[in-house]
Amino acid sequence: MRVTLPFFNRPTLEVLEDLIGMVLVRKSSGSSATGIIVEAEAYRGEDDPASFAFRGRTKRSERLYGPPGRAFVYLTYGQHHMLNIITEREDFPAAVLIRAVEPREGIAMMVKRRKTDNLLQLCSGPAKLCQAFDIDLSLNGIQLYSPKSVLLIEERERPKNELAWRPRIGIREGKDRLWRAYVKDSPFVSYK
DNA sequence: TAAGGGATATGCT
DNA sequence: GCATATCCCTTAT
54 MRVTLPFFNR PTLEVLEDLI GMVLVRKSSG SSATGIIVEA EAYRGEDDPA
104 SFAFRGRTKR SERLYGPPGR AFVYLTYGQH HMLNIITERE DFPAAVLIRA
154 VEPREGIAMM VKRRKTDNLL QLCSGPAKLC QAFDIDLSLN GIQLYSPKSV
204 LLIEERERPK NELAWRPRIG IREGKDRLWR AYVKDSPFVS YK
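Every position in the first sequence, counted from 1, becomes a number in our numbering once 53 is added.
In structure tokens, the structure reads:
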């Protein structure tokens, strides 16, 4: 599926699953960092106790109610940035948290930002990938489907001679809360 | 594997 | 004012 506005304006659990295997691109002064999304988590509706929207519209949850296809970046624990992708129609609060990516391009830059050369430690966590991709509050609200954007989601090119290139996706349903999708057997996911 | 520190925007009293 | 948060890292058992 092509990544344009309608891609994000759909039920969050569908977007969640489709985002797995897609490419996160961060452009910065000439070079760019890219990675394949291998783990993500859904937050949807005011009835989801894990969502910022659980207690209604506040300054913090406001962007969840905004138009789909934009980034919702915020700071937690005073030092870690989180990247969410807004889904569903305007006024319905929902998003997908990007939890882990498999680093592809710009790895040298990521190593520098993360201060580790362990590939498995580069982007295996929501705050880790933000650090590796230089994502902070300045990118809050940015459009993710414009080719001009410095942060965007792209469809992965189908590799030649590889028939079954789509990743094997696992879905976990939390007890009373979140849904998490991940690439089965990927060493780049955040949990052990 | 477990425990504790870090450092700040946000919401609640 | 105070408590808490979609977490990471270091240090200690």
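Note that the Cβ used here is the ideal one computed from N, Cα and C, for glycine as well.
For the putative contact between residue i and residue j, defined by C-beta atoms under 8 Å, what is the C-beta separation to the nearest angstrom?
i           : j           : result
residue 90  : residue 69  : About 10 Å separates the two Cβ atoms, so there is no contact after all.
residue 65  : residue 140 : 5 Å
residue 237 : residue 224 : In fact, because the Cβ distance is near 10 Å, the residues do not count as touching under 8 Å.
residue 185 : residue 175 : 5 Å
Would you call the CB atoms of residue i and residue j closer than 8 Å?
i           : j           : result
residue 124 : residue 117 : no
residue 159 : residue 86  : yes
residue 137 : residue 150 : yes
residue 79  : residue 164 : no
residue 126 : residue 190 : yes
With H, G and I counted as helix, E and B as strand and the rest as coil, what does DSSP make of residue i?
i           : result
residue 192 : helix
residue 60  : helix
residue 160 : helix
residue 80  : strand
residue 125 : strand
residue 96  : strand
residue 68  : helix
residue 225 : strand
residue 118 : helix
residue 243 : coil
residue 211 : coil
In chain order, what residues of the same chain lie with their CB nearer than 7 Å to the CB of residue i, ignoring the 5 residues before and after it?
i           : result
residue 194 : 116, 123 and 124
residue 229 : Note on residue 229: pLDDT 49, under 50, position unreliable in the model; the coordinate value appears next. Excluding sequence neighbours, residue 229 sits near 102.
residue 162 : 84 and 86
residue 187 : 79, 81 and 166
residue 211 : 218
Tell me which residues share the same chain as residue i and place their Cβ nearer than 6 Å to its Cβ, disregarding the 5 neighbours each side in the sequence.
i           : result
residue 244 : none
residue 133 : 180
residue 113 : 105
residue 155 : 88, 89, 91 and 241
Short of 8 Å in beta carbon distance, which residues of its chain neighbour residue i, apart from the five on each side in sequence? Order them along the chain.
i           : result
residue 72  : 90, 93, 138, 149, 151, 206 and 234
residue 75  : 56, 89, 90, 206, 207, 208 and 209
residue 142 : 62 and 121
residue 232 : 66, 69, 94, 95, 224, 225 and 226
| Counting Cβ pairs closer than 8 Å, one from the stretch 98 to 115 and one from the stretch 170 to 190, do we hit at least three? | no
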